[in-house]
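Contents: one structure, followed by commentary.
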Amino acid sequence: MARITASVYTSHVPAIGVALDLGKSDEPYWKKVFAGYEFSKQWMRENKPDVIFLIYNDHANAFSLELIPTFAIGTAAEFEIADEGWGPRPVPKVIGHPELASHIAQSVIQDDFDLTIVNKMPVDHGLTVPLSLMCGQPQAWPCPVIPFAVNVVQYPVPSGRRCFNLGRAIRKAVASYDEPLNVHIWGTGGMSHQLQGPRAGLINAEWDNRFLDRLIAEPEALSKMPHLEYVTEAGSEGIELVMWLIARGAMSDKPPRVRHRFFHVPASNTAVGHLILENT
Amino acid sequence: MALDKPYKNIPGTTIFDAEQSRKGYWLNQFCMSLMKAENRARFKADERAYLDEWPMTEEQKQGVLTRDLNRCIAAGGNIYFLAKIGATDGKSFQQMAGSMTGLSEEEYRDMMVKGGRDPKWGRN
Chain A
154 MARITASVYT SHVPAIGVAL DLGKSDEPYW KKVFAGYEFS KQWMRENKPD
204 VIFLIYNDHA NAFSLELIPT FAIGTAAEFE IADEGWGPRP VPKVIGHPEL
254 ASHIAQSVIQ DDFDLTIVNK MPVDHGLTVP LSLMCGQPQA WPCPVIPFAV
304 NVVQYPVPSG RRCFNLGRAI RKAVASYDEP LNVHIWGTGG MSHQLQGPRA
354 GLINAEWDNR FLDRLIAEPE ALSKMPHLEY VTEAGSEGIE LVMWLIARGA
404 MSDKPPRVRH RFFHVPASNT AVGHLILENT
Chain B
2 MALDKPYKNI PGTTIFDAEQ SRKGYWLNQF CMSLMKAENR ARFKADERAY
52 LDEWPMTEEQ KQGVLTRDLN RCIAAGGNIY FLAKIGATDG KSFQQMAGSM
102 TGLSEEEYRD MMVKGGRDPK WGRN
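Take a look at the structure:
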């Protein structure tokens, strides 16, 4: 049987990808960001998964206003790297896991979560920056990745509660897959940031750290937080944090082992948060 | 019965909801067209003529021509779509976000390095 052994949470700031791609990671500004992921890269080498189920959001790259799926699962064999307007990031293409992705889609839809199934989907920095942070700059990513895109662009985004329960359904789906795969589930985006309007640049470090505490210790209670609190306290783009609750919901009900925790301000416009939790 | 929209009262913030999305549909779709290099080249060669190919309002076109992102957002634009204009101009996300705050590029960068904008900003 397949099983989820660990979850990873991280911001996916596009400027982090730019800094890496342009060889700026040793500059003092960026060094402070990448230092928080040194442990993580080592951990990835020592705990290499067979598949990563990677929750992120598309930023008007694969999906325009023509089509806005709330939850979209990538079931293709591979996914090209999106050109977001600055040219595609020079990173390896993403190899999918069509068998497990299709299995999860079938199971989760029968559990009343109406996923959109996508077989052609360029993946943007939301997915590739977390891979770069956790894996560095390899010739190929260490394992197949199932992209799972959540609409956090057009309001209303799915509720935290909905996301948490979807995570539980994904946990059940993975556990019913026959092959003995080691699966990691990653929740990305956040933490506090606002990219628009006169309030752009908002950061709420206190709120972010409380979010990390509660994500570890009381995720179900945290999942009841209304949208308005995310937007008011963590900025209009801080709402991305609902995606972390999908990954957390997919973890066992037992308290997790906290392998790593990191928080830093700023990376460009954003507070960077990062956790690695293992199932016990 | 009208939908409850409590997020309308957040200072300095426009939430991109279904109403804004409907209003900004063609503005945002114009932005998406800039993901193709050939369209970026045509837009740069004659911005007005390129904009006139789209069923956008004059207010939306003026917002784009003056690079006033607050004006674009008020007219239904969404920042992830508007970012394609910034990419065409060779601007970073930080330059784009900062341009909406009334701060200079340097002031905005310094504010971020010092921990960002106070979350209580603009609240009573």
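Residue numbers (the working numbering), protein chains in the order written: chain A, 154 to 433; chain B, 2 to 125.
Don't be surprised by glycine CBs; every beta carbon is placed ideally from N, CA and C.
Just so you know, these numbers come straight off a predicted model, no measurement behind them.
Can you tell me the Cα-Cα spacing of residue i and residue j, whole angstroms?
{"i": "residue 384(A)", "j": "residue 17(B)", "result": "12 Å"}
{"i": "residue 174(A)", "j": "residue 73(B)", "result": "31 Å"}
{"i": "residue 165(A)", "j": "residue 51(B)", "result": "33 Å"}
{"i": "residue 232(A)", "j": "residue 408(A)", "result": "34 Å"}
{"i": "residue 53(B)", "j": "residue 84(B)", "result": "20 Å"}
{"i": "residue 205(A)", "j": "residue 60(B)", "result": "45 Å"}
{"i": "residue 201(A)", "j": "residue 286(A)", "result": "15 Å"}
{"i": "residue 252(A)", "j": "residue 228(A)", "result": "8 Å"}
{"i": "residue 77(B)", "j": "residue 162(A)", "result": "32 Å"}
{"i": "residue 92(B)", "j": "residue 330(A)", "result": "46 Å"}
{"i": "residue 320(A)", "j": "residue 35(B)", "result": "36 Å"}
{"i": "residue 402(A)", "j": "residue 264(A)", "result": "15 Å"}
{"i": "residue 278(A)", "j": "residue 63(B)", "result": "30 Å"}
{"i": "residue 97(B)", "j": "residue 87(B)", "result": "7 Å"}
{"i": "residue 432(A)", "j": "residue 296(A)", "result": "20 Å"}
{"i": "residue 379(A)", "j": "residue 67(B)", "result": "37 Å"}
{"i": "residue 203(A)", "j": "residue 326(A)", "result": "16 Å"}
{"i": "residue 356(A)", "j": "residue 154(A)", "result": "42 Å"}
{"i": "residue 235(A)", "j": "residue 65(B)", "result": "24 Å"}
{"i": "residue 435(A)", "j": "residue 368(A)", "result": "Within the shown structure, residues of chain A are numbered from 154 to 433, placing residue 435(A) beyond reach of any answer."}
If you measure from the beta carbon of residue i to each beta carbon in chain A, is any gap under 8 Å?
{"i": "residue 77(B)", "result": "no"}
{"i": "residue 98(B)", "result": "yes"}
{"i": "residue 26(B)", "result": "yes"}
{"i": "residue 92(B)", "result": "no"}
{"i": "residue 62(B)", "result": "no"}
{"i": "residue 2(B)", "result": "no"}
{"i": "residue 105(B)", "result": "no"}
{"i": "residue 118(B)", "result": "yes"}
{"i": "residue 40(B)", "result": "no"}
{"i": "residue 29(B)", "result": "yes"}
{"i": "residue 125(B)", "result": "no"}
Starting from residue i, trace the beta strand (DSSP E) both ways and give me its first and last residue.
{"i": "residue 420(A)", "result": "410–420"}
{"i": "residue 161(A)", "result": "156–163"}
{"i": "residue 110(A)", "result": "There is no way to answer for residue 110(A), as the model of chain A reaches only from 154 to 433."}
Does the CB of residue i have a neighbour CB from chain B at under 8 Å?
{"i": "residue 156(A)", "result": "no"}
{"i": "residue 429(A)", "result": "no"}
{"i": "residue 180(A)", "result": "no"}
{"i": "residue 362(A)", "result": "no"}
{"i": "residue 244(A)", "result": "no"}
{"i": "residue 421(A)", "result": "yes"}
{"i": "residue 302(A)", "result": "no"}
{"i": "residue 167(A)", "result": "yes"}
{"i": "residue 358(A)", "result": "yes"}
Under 8 Å between beta-carbons, which chain A residues line up against residue i? List them in chain order, please.
{"i": "residue 65(B)", "result": "Residues of chain A passing the Cβ test: none, with the nearest at roughly 15 Å."}
{"i": "residue 18(B)", "result": "307, 308, 309"}
{"i": "residue 122(B)", "result": "352, 355"}
Going along chain B, which residues have a C-beta under 7 Å from residue i?
{"i": "residue 385(A)", "result": "11"}
{"i": "residue 183(A)", "result": "Correct list: empty, because the minimum Cβ distance to chain B is about 12 Å."}
{"i": "residue 418(A)", "result": "116, 117"}
Please list, in chain order, the chain A residues whose beta carbon lies closer than 7 Å to that of residue i.
{"i": "residue 52(B)", "result": "Neighbours of residue 52(B) on chain A: none; closest Cβ ~17 Å, over 7 Å."}
{"i": "residue 33(B)", "result": "213, 217"}
{"i": "residue 82(B)", "result": "213"}
{"i": "residue 7(B)", "result": "381"}
{"i": "residue 102(B)", "result": "351, 353, 354"}
{"i": "residue 112(B)", "result": "354"}
Tell me where the alpha helix (DSSP H) around residue i begins and ends.
{"i": "residue 181(A)", "result": "181–188"}
{"i": "residue 300(A)", "result": "Premise fails: residue 300(A) lies in the beta strand (DSSP E), 298–303, not in any alpha helix (DSSP H)."}
{"i": "residue 346(A)", "result": "It is not in any alpha helix (DSSP H) - residue 346(A) carries neither H nor E in the DSSP assignment."}
{"i": "residue 384(A)", "result": "380–387"}
{"i": "residue 207(A)", "result": "First-last for residue 207(A): 204–209, but that is the beta strand (DSSP E), not the alpha helix (DSSP H)."}
{"i": "residue 71(B)", "result": "70–75"}
{"i": "residue 201(A)", "result": "No alpha helix (DSSP H) contains residue 201(A), which DSSP labels as neither H nor E."}
{"i": "residue 107(B)", "result": "106–114"}
{"i": "residue 355(A)", "result": "Segment: none, residue 355(A) is in no alpha helix (DSSP H) and carries neither H nor E."}
{"i": "residue 169(A)", "result": "167–174"}
{"i": "residue 376(A)", "result": "Residue 376(A) -> no alpha helix (DSSP H), and no H or E assigned at all."}
Show which residues of chain A have a CB atom less than 9 Å away from the CB atom of residue i.
{"i": "residue 15(B)", "result": "349, 350, 389"}
Which chain B residues are close to residue i, counting only those with a beta carbon under 9 Å from its beta carbon?
{"i": "residue 237(A)", "result": "36, 84, 85, 88"}
At a cut-off of 7 Å, would you count residue i as near the ligand HEM, judging by its Cβ distance to the nearest heavy atom?
{"i": "residue 120(B)", "result": "The ligand HEM is not part of this structure, which contains no ligands at all."}
Every unbroken alpha helix (DSSP H) within the segment 221–276 of chain A, with a cutoff of 4 residues, ordered by chain
251–263
Which full runs of the alpha helix (DSSP H) of 4+ residues lie inside the segment 309–335 of chain A, going along the chain?
313–328
Where are the alpha helix (DSSP H) runs, 4 residues long or more, that stay fully inside the segment 77–103 of chain B, in chain order?
80–90, 94–99
Would you list, in sequence order, the uninterrupted alpha helix (DSSP H) runs of no fewer than 4 residues that lie entirely inside the segment 7–58 of chain B?
19–24, 26–34, 38–46, 48–52
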